[in-house]
Each structure stands twice: as structure tokens, then as C-alpha cells.
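To start, the structure itself, in C-alpha cells.
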Amino acid sequence: MLKRILFVHDQIPGQGISGMIIFYRHFVQLTDYEIHILVPDYCHYDKSDLPPNFYIHYFSLRKKYWPPFREQSSLLRNIRITQLSKLIVNKLDAIQPSIVITVLYHYFAVATFKALKKRNIPLITFLHDNWMLKTNSLHLKKVRKKLGSKIIERSNLNLSVTRELINEYSSHSNASDLFYPIPAGFTYPYAPSKNRILNLFYAGTIEEHHFKLFEKLAEEMNKLPLKFSIITNSTNKLEHLTDIQYVPSFKTNTEAIKYMHDNADCILVNYGRTFDENPYAATSFPSKFIEFSHLSKPILAVAPFNSPFKNFLESKNYDLCWDGYDLSALEIIVTKLLQPDIYLEYAKAIKKIALEDFSSFHLQNKFKNYLISLEKKNQNET
1 MLKRILFVHD QIPGQGISGM IIFYRHFVQL TDYEIHILVP DYCHYDKSDL PPNFYIHYFS
61 LRKKYWPPFR EQSSLLRNIR ITQLSKLIVN KLDAIQPSIV ITVLYHYFAV ATFKALKKRN
121 IPLITFLHDN WMLKTNSLHL KKVRKKLGSK IIERSNLNLS VTRELINEYS SHSNASDLFY
181 PIPAGFTYPY APSKNRILNL FYAGTIEEHH FKLFEKLAEE MNKLPLKFSI ITNSTNKLEH
241 LTDIQYVPSF KTNTEAIKYM HDNADCILVN YGRTFDENPY AATSFPSKFI EFSHLSKPIL
301 AVAPFNSPFK NFLESKNYDL CWDGYDLSAL EIIVTKLLQP DIYLEYAKAI KKIALEDFSS
361 FHLQNKFKNY LISLEKKNQN ET
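The sequence shown runs 1 to 382 under UniProt numbering.
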């Protein structure tokens, strides 16, 4: 009989360029487990995209007799958390998982924490982004910090992309580890660029801070031996930037990565020029840097000073960074990368980082060992 994992989140793990590909990559390799995924009933999926050991369960966010959810109201907030936790308890009884996994980024994680209060089931909590930043209300930031702290202190294991993110919520969690998002896994061989024009590529979600940088790049493209391409379907706010090349998004992450390998000389990872532009940069880490490092191509990084990402690059002595403002510095970078020897030097540096810090094999083994360790510990205590 297969062991069971219950994963509670607001999305179904699957292909694409969103964060859900990360959980899909972990779970799809756990062939000795049943993977039970509990999500809100607004989630949809194509059954053919998921392996046979994946089971999708839904919970309703609304029932006729439920009062409305108002996060500002402690009464209505607590009522909804209690209602959701009861639904999760029913699923726990039906599925009987050996481990529960959630993500600290929504109230479903809070309801999961509440549902497990009187149950001896190990809980793993992932932290990828700062939940407090999803609201502008100072009051609600405090509420989320308090709830997040409780979840972290209850969890048997907290897996965070940075130490800073754990510390935002709690300094009392001993059961925490630094755990990077798992990449696709295949590392391409490096090869020098033979182009006289540098083909710079960006792929991924386009946030407000990206528009400002893209406008800056578009201003200078005609002055530099530089071609800039973006893989996206969201071109509404970019239509005036006619010098940029737009490539429609691909159905799978694998297709996008292959296209970039075949067409890009350099990859742009823009995590914001300042914390004002991208507040998430203060505590998070760009999964796209991890993903694209396996292309073995130079990565042009933009990140705020003293951010976890910038500090990581400095610890690796990787200096292909641009502040996003100084156009003369960009010209120097482009000129350097058009020299084959220097290009190859940065390509090798990126590949070294990919293999040493972001090995999908090592990350999956680490994840599997977490599961085995928690299950064994739980068996010894029962």
C-alpha cells in the first residue's frame, strides 16, 4: 500500500512557468506515494496532464449558510478559518496521509494548521514569498505575521528560499532549512556566442518593476549591439516598445527553456532595482535564476543592494550585475559579452553555480530524505 501525502494549496501543481511547476517536479518523482492535492473548487486541470498517482480533491469557499469572509473582521476571519479547517479535517479522515504539506501564502495554510492541531501528522510548510506583502493594510500585515508565526512554530519542517523570509515571521523555529526551488534538471553544455549582436532574453511573469527596466532597455537598444526578446502573452503595456521582440508563451516550461537555449546568448533576471520597486526581493529568491542557470549561458542580474539574491551572487564572486540605471555600464557589459573568451568565462561560472547549488537531483534527494525522516520520527513517537 502506497503512503499518502496531502498537499493543501490554492493551485494545482502542473506544467507552465508559474511556481506550481516546482511542486509538480517534486511530487511527480514520488512514485511510491499517492499525491492527494486539496484545492479550492475554482481550480481546474486537464486529467491527462497528471500522473495516475495524483488525486485532486476540492473544498468549497462558499456555502449558503456561511457568513461572508472579511479579513479585516477578526470574527468573520476566524469563522471562515474554522469552517475551512473542518472541511480539511474531513479530508484528513478520508485520506489518512502520512504527511501534510502546505505553502504559507494564503488562509488555506492557516486552516490546515488549525485542522492539524489535535492530530499527530507531520506538517511541512514551504515559504517562497512574503504573504504579508499581499496586503497594504498595516493591521492585516500584523495579523498575517502572527498567524504565520504560529504555523512556522507548529510545523515539523519549514522549507524557505531564504533565511530572511523565515525571520520575517519567527525567530523561534528550529525546524527550518534553506531549500531552493527545484529546476527542470537538464544542464546544457556551454558554447561561446558567435553573434555580433547580443541576444538578450527575458521569460516569466511581468510585474510593474519589469516595465520600467524594459523601457530603459528599449531606449538604448538602437545604440548598442543588443537585441532584446521577451517570452510572454502579456503585451498590453508593452505595445509602445516596438524595438523589443515578443515571443508567445509556450505551453510547458520545458519548451520555453529549449527555445531560450537555442536562441538566447544571455538571460535577464530582473529582481527589481530597489526594494521600493520589488519589496519581495528583501526576503525572496528568484526561481528563474535557478531555472535558467542550467542553460549554461551568462545571466544578467538586476537586484537591490543587500538583497538575498544580490548577496548570493557576491558570495559566488559572480559580477555580471547591472543596477538598471547606468547605461554606460550596460554598454560595457554588452561589449564584454561579445568577446568569446569573456562570454565563455561567465557561461562556465553560471554552470558551476547550477551544478553546485541548484542540482535537481540533490534537491529531490533532500526532499525525499525530509519525508522519510519525518515519517520515521512520527512512527517512533506513536
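The beta-carbon is built from N, C-alpha and C at its ideal position, and this holds for glycine as well.
Under the three-state reduction of DSSP, P40 is assigned to strand. With a contact defined as Cβ atoms closer than 8 angstroms, V110 and L224 miss out at about 49 angstroms.
Taking 8 angstroms as the upper bound for CB-CB distance, P308 and T283 are in contact here, some 7 angstroms apart.
Three or more pairs of CB atoms, one per stretch, sit closer than 8 angstroms, so the region 3 to 11 contacts the region 33 to 47. Remark: C-beta atoms of P183 and H57 do not approach each other more closely than 7 angstroms. Taken in chain order, the complete alpha helix (DSSP H) segments of 4 residues or longer contained in the region 146 to 177 are 163 to 169. In this structure, the straight-line span from the alpha carbon of V103 to that of L159 is close to 9 angstroms. Collapsing the DSSP output to three states places H128 in coil. Secondary-structure assignment with DSSP links I79 through no beta bridge to anything.
Fully enclosed beta strand (DSSP E) runs of no fewer than 3 residues occupy 198 to 203, 226 to 231 of the region 182 to 236, in order along the chain. Shown here for I95: same chain residues with a beta carbon closer than 7 angstroms to its own, the five before and five after excluded, namely R4, L6, H36 in chain order. The shortest C-alpha to C-alpha distance from F292 to any of S373, K376, L200, T235 is the one to L200.
Annotation: the continuous alpha helix (DSSP H) that includes A256 extends over 253 to 263. The region 292 to 325 is shown to contain whole alpha helix (DSSP H) runs of 4 or more residues at 308 to 315, in chain order. Burial check for I231: the Cβ neighbour count within 10 Å reaches 16 or more, so the residue is buried. Judged by their CB atoms, N263 and S249 are not nearer to each other than the 7 angstroms cut-off.
Under DSSP, the beta-bridge partners assigned to K3 are Y33. Put simply, of Y107, N90, F113, H106 the residue whose alpha carbon is nearest the alpha carbon of V100 is F113. Taking 7 angstroms as the cut-off, the Cβ atoms of L327 and P298 do not count as close.
Only buried fits P13, as 16 or more other CB atoms lie within 10 angstroms of its CB. Burial check for T162: the Cβ neighbour count within 10 Å reaches 16 or more, so the residue is buried. Distances from the CA of W322 to each of K118, G272, L344 were compared; the closest alpha carbon is that of G272.
For V247, the beta-bridge partners assigned by DSSP are I231.
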